[in-house]
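Novice: Sequential numbering from 1 applies to the sequence shown in full-length UniProt numbering.
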Amino acid sequence: MSVKLSSMLGSALSRALELPSQSRVQAPTAPTTPAASTPAPLVPGSSDVFEQVSKVQKEWEAKFADVVQAIAPELEQLAPLESKSLKELANSVNESRNVVAGDQVEKGKWSSSTPVLQQTEDANCGAAAAAMLTKAKGGKEAVSDAELMGELGGRFASREGTTPKQMANMLAHEGMKVKAGTTSVDKDALESTLKSGGKAVAMVDSNEISKKGSAQAPGKAHWVVIDGMDDQGRFMVKDPGSASSYFVKGEELNKAIDTGRNTHQAGGVLLVENAQTPEPAPVVAQESEKNAEALGNTPGGGSMSWRFGRESS
């Protein structure tokens with residue numbers, strides 16, 4: 001474990017332990033009521049193994065929820081810098097902070113939360129973003145992440161990346177519809193979309209989005225998924241460039257879009273819904289492509305540079 005990681009987590013845990021006594025886990029005292037019985041050992045192959053594991057997991061999540069929430073900001077900062085296992089932990093913590101997750105699954109009829117995927121090439125962030133939403137829609141569980149990205153990119157994108165129209169076409173052929181495209185973030189409209197079961201993809205500057213508006217220089221045109229909100233009103237970004245999730249304020253997202261439009265001549269947000277009624281893909285694609293026109297015609301390829309702790313160049 002790195003010195004930075006040890007220091008940050010040590011500080012975070014110390015802060016967590018300073019929480020008011022009623023909001024953190026207390027040292028056990030003599031029980032005043034009978035202790036809960038120890039779960040029966042998990043038996044491989046038994047019909048209720050999944051239920052037992054899920055129950056134990058929920059008990060631990062409830063017990064340590066306050067501590068996890070206290071160190072969540074540090075985990076969020078570490079997500080792009082440390083090991084894959086820590087990144088997955090940080091992504092899981094961020095997922096638990098999504099206050100509209102239930103609305104998205106119930107109202108949007110998604111089969112699951114949106115996974116955070118790593119783009120496999122330096123210019124296939126668009127295919128990776130579309131693959132994330134395709135996996136959330138369900139029905140392609142047997143297809144590997146890499147295969148799905150390759151299929152989408154090979155069919156709809158180019159070696160330079162994915163244009164907004166190509167993104168709309170990808171999503172349409174995977175059973176999703178672009179209901180609107182905007183060149184800036186309307187926070188009320190985006191929040192309403194998320195709460196009503198929708199999701200979004202955004203073309204931004206890769207450096208500005210990853211550095212939350214404090215990049216030293218512009219990066220590349222880059223696609224990310226917007227997939228939720230926290231209780232502070234920040235939007236959850238799922239970034240295929242680093243395979244990490246993090247939260248940004250509306251103004252930080254707007255700055256990343258503005259930098260993209262000024263530097264790469266393209267950028268904005270596509271509001272996406274999971275199509276509930278069967279429509280011919282070409283019809284949906286035509287409507288979705290029209291809604292994506294406002295974002296421009298520059299391909300978003302992005303970069304995996306941030307994955308290695310540096311900005312795109």
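All C-beta atoms in this analysis are idealised placements derived from N, C-alpha and C, irrespective of residue type, glycine included.
As the structure is a prediction and not an experimental result, all values here were calculated from the model.
Between Thr259 and Gln118, what straight-line distance do the alpha-carbon atoms span, to the nearest angstrom?
Specialist: Cα to Cα, the separation comes out at about 23 Å.
Novice: DSSP three-state label for Ser37, please.
Specialist: At Ser37, the pLDDT of 47 sits below 50, so the modelled position is not reliable and the matter cannot be decided from this model.
Novice: In or out: Ala217 buried (at least 16 other Cβ within 10 Å) or exposed?
Specialist: Ala217 should be labelled exposed.
Novice: So for Ser244, helix, strand or coil by DSSP?
Specialist: If DSSP states are grouped into helix, strand and coil, Ser244 belongs with the strands.
Novice: Output needed for Phe50: all residues of its chain with C-beta closer than 8 Å, excluding positions within five of it in sequence on either side, in chain order.
Specialist: Only weak support is given to the placement of Phe50: the predicted model assigns it a pLDDT of 47, under 50, and the question is left unresolved by the model.
Novice: Using a threshold of 8 Å, state whether the C-beta atoms of Ala256 and Asp205 are closer than that.
Specialist: Result yes, Cβ atoms of Ala256 and Asp205 sit closer than 8 Å.
Novice: Among Glu106, Leu270, Ser113, which one has its Cα closest to the Cα of residue 319?
Specialist: Any question about residue 319 goes unanswered here, given that the chain covers just 1 to 313.
Novice: So, is Ser245 buried or exposed, given that buried needs 16 or more other C-beta atoms within 10 angstroms?
Specialist: Classification for Ser245: buried.
Novice: Is the stretch 278-293 in contact with the stretch 165-178, if contact means three or more CB pairs nearer than 8 Å?
Specialist: The stretch 278-293, when compared against the stretch 165-178, does touch it at the 8 Å Cβ threshold.
Novice: Reducing DSSP to helix, strand and coil, say where Ala180 ends up.
Specialist: Reduced to three states, the DSSP call for Ala180 is strand.
Novice: Would you list the one or two residues that DSSP bridges to Gly268?
Specialist: Gly268 pairs with Met203.
Novice: So what does DSSP say about Asp231, is it helix, strand or coil?
Specialist: Here Asp231 sits in coil by DSSP.
Novice: Would you be able to state if there are at least three C-beta pairs under 8 Å between the stretch 271-281 and the stretch 183-203?
Specialist: The stretch 183-203 vs the stretch 271-281: in contact.
Novice: Would you call the stretch 179-188 and the stretch 142-154 in contact, with 3 or more CB pairs under 8 Å?
Specialist: The answer is no - the stretch 142-154 does not touch the stretch 179-188, with fewer than three Cβ pairs under 8 Å.
Novice: Whether or not the stretch 228-247 and the stretch 261-270 are in contact is what I'm after, with contact meaning three or more pairs of Cβ atoms, one per stretch, closer than 8 Å; do they touch?
Specialist: With a cut-off of 8 Å, the stretch 228-247 and the stretch 261-270 do not count as touching, because too few Cβ pairs lie within range.
Novice: Could you check the C-alpha separation between Gly154 and Gly102 for me, to the nearest Å?
Specialist: Near 33 Å, if we compare the C-alpha coordinates of Gly102 and Gly154.
Novice: If you follow the alpha helix (DSSP H) that Asp145 is in, where does it begin and where does it stop?
Specialist: Per DSSP, Asp145 belongs to the alpha helix (DSSP H) from 145-156.
Novice: Out of curiosity, what's the CA-to-CA distance linking Ala294 and Thr162?
Specialist: Distance between the alpha carbons of Ala294 and Thr162: 15 Å.
Novice: Please tell me whether Gly213 and Glu151 are closer than 8 Å, where the distance is taken between their beta carbons.
Specialist: Contact: no.
Novice: Measure the CB-CB distance between Ala136 and Trp223 and report whether it falls below 8 Å.
Specialist: No, these two residues do not count as a Cβ contact at 8 Å.
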